[in-house]
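Novice: For the sequence shown, our numbering assigns the number 1 to the initial residue and increments by one for each residue that follows. In this text, a Cβ means the ideal position worked out from N, Cα and C, and glycines have one as well. These numbers were taken from a predicted model, which means no experiment stands behind them.
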Amino acid sequence: MTKATATPARLLLSPQDHMLIMIDHQSQMAFATKSIDAVSLRNNAALVAKAAKTFHVSTILTTVAEKTFSGPMFDEIKLAFPETRAIDRTSMNTWEDRNVINEVNRLDKGKVVLAGLWTSVCIVGPALSALDQGFKVYVIADACGDVSVEAHEKAMDRMIQAGAMPMTSLQYLLELQRDWARQDTYEATTTIAKENGGAYGLGIIYAKTMFGGNEGH
């Protein structure tokens with residue numbers, strides 16, 4: 001007989017068991033992104049970056065042709081990681097860049113979480129490559145974007161069929177927190193949700209303002 005235990009699934013993310021790679025959230029890449037509007041994309045990227053910073057997630061930032069073509073990474077990400085220097089590449093597939101792979105090996109995590117532009121090129125490449133090498137791969141779908149809705153959706157389908165697990169930016173934040181009784185990150189998590197969590201954040205503001213609501217009780 002199967003017995004239930006109060007333990008999380010191994011496929012759930014914890015702050016210590018994965019690395020986050022944020023790829024090519026840059027001006028030139030965003031200009032042609034049509035599957036998600038720029039405001040939502042920047043908001044979701046900010047949410048992911050703030051979550052990773054709050055929970056001390058091992059994070060790699062990478063750009064492509066920053067100085068010569070694609071422009072700077074979003075300020076929202078740079079503000080979350082002011083001391084982290086993005087690795088600039090020439091390869092469309094991040095996983096084929098030796099400097100990135102050196103950092104991946106240094107961090108030594110079995111799970112890889114990806115977010116970036118564009119889904120069908122710069123996310124599919126590392127996702128399929130990491131899966132091929134035995135990593136568990138997660139893709140934050142709403143912190144990615146592509147030149148059309150179809151391009152984004154087909155890229156997500158391709159990665160899921162290969163074994164990648166899709167998630168959203170808010171899901172990423174809440175999965176890292178997972179228990180409202182964890183008071184050391186409670187305030188930071190609810191602050192991020194209020195700032196970048198859309199209607200959910202409004203709900204938190206309402207509950208706290210109107211009747212002092214607290215998820216930990």
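Pick helix, strand or coil for V57, following the three-state DSSP scheme.
Specialist: For the purposes of this step, residue 57 is taken as the residue at position 57 of the sequence shown. In the structure shown, V57 sits in coil (DSSP, three-state: anything other than H, G, I, E or B).
Novice: Can you give me the C-alpha to C-alpha distance between V149 and Q133, rounded to a whole angstrom?
Specialist: What you label residue 149 is simply residue 149 of the sequence shown in a count that begins at 1. What you label residue 133 is simply residue 133 of the sequence shown in a count that begins at 1. Answer to the nearest angstrom: the Cα atoms are 29 angstroms apart.
Novice: Using a Cβ-Cβ cutoff of less than 6 angstroms, which residues in the same chain neighbour V64 once the five nearest sequence positions on both sides are dropped?
Specialist: Your numbering for residue 64 matches position 64 in the sequence shown. The residues are D24, S70, R89.
Novice: Let's see if you can read the secondary structure: which residues bound the alpha helix (DSSP H) around I205?
Specialist: Numbered from 1 along the sequence shown, position 205 holds the residue referred to as residue 205. Where I205 is concerned, the enclosing alpha helix (DSSP H) stretches over 198-211.
Novice: On the three-pair Cβ rule with 8 angstroms, is the region 167-180 touching the region 9-29?
Specialist: Yes: at least three Cβ pairs fall under 8 angstroms.
Novice: Answer yes or no: do T168 and D146 have a C-beta to C-beta separation smaller than 8 angstroms?
Specialist: Position 168 of the sequence shown, counting from 1, holds the residue named residue 168. Position 146 of the sequence shown, counting from 1, holds the residue named residue 146. It is not a contact, given that the beta carbons lie outside the stated cut-off.
Novice: Roughly how many angstroms separate the alpha carbons of T189 and S91, rounded to a whole number?
Specialist: Position 189 of the sequence shown, counted from the start, is the residue given in the question as residue 189. Position 91 of the sequence shown, counted from the start, is the residue given in the question as residue 91. One C-alpha to the other measures close to 35 angstroms.
Novice: Note down the Cα distance separating T33 from L47, rounded to an integer number of angstroms.
Specialist: Here residue 33 corresponds to residue number 33 of the sequence shown, with the count starting at 1. Here residue 47 corresponds to residue number 47 of the sequence shown, with the count starting at 1. If you take the alpha carbons of T33 and L47, they lie about 19 angstroms apart.
Novice: DSSP three-state label for K111, please.
Specialist: What you label residue 111 is simply residue 111 of the sequence shown in a count that begins at 1. Strand.
Novice: If I measure Cβ to Cβ from G125 and keep anything under 7 angstroms in the same chain, skipping five residues before and after, which residues do I get?
Specialist: Residue 125 sits at position 125 when you count from the first residue of the sequence shown. Excluding positions up to five away in sequence, the list reads M92, N93, T94, W95.
Novice: Around the Cβ of V39, are there at least 16 other Cβ atoms within 10 angstroms (buried) or fewer (exposed)?
Specialist: The sequence position of residue 39 within the sequence shown is 39, counting from 1. Exposed.
Novice: Counting only the same chain and skipping the five closest in sequence on each side, list residues whose C-beta sits under 7 angstroms from that of Q28.
Specialist: For this step, residue 28 is matched to residue 28 along the sequence shown. The answer, listed in chain order, is F69, S70, G71.
Novice: Considering only their Cβ atoms, is the gap separating F55 from T191 smaller than 8 angstroms?
Specialist: The residue labelled residue 191 in the question sits at position 191 within the sequence shown. The residue labelled residue 55 in the question sits at position 55 within the sequence shown. Contact flag unset, no.
Novice: For the alpha helix (DSSP H) that contains I77, what are its first and last residues?
Specialist: Position 77 of the sequence shown, counting from 1, holds the residue named residue 77. Per DSSP, I77 belongs to the alpha helix (DSSP H) from 75-80.
Novice: Buried or exposed for T59, please, with buried defined as at least 16 other CB atoms from any protein chain shown within 10 angstroms of its CB.
Specialist: Counted from its first residue, the sequence shown places residue 59 at position 59. Buried, by the Cβ-count rule.
Novice: Which of helix, strand or coil does DSSP assign to L117?
Specialist: Position 117 of the sequence shown, counted from the first residue, corresponds to residue 117. Note: L117 maps to strand in three-state DSSP.
Novice: On the three-state DSSP scale, how would you describe R182?
Specialist: On the sequence shown, residue 182 is found 182 positions in, with the first residue counted as 1. Looking at R182 - three-state DSSP - the assignment turns out to be coil, as it is neither helix nor strand.
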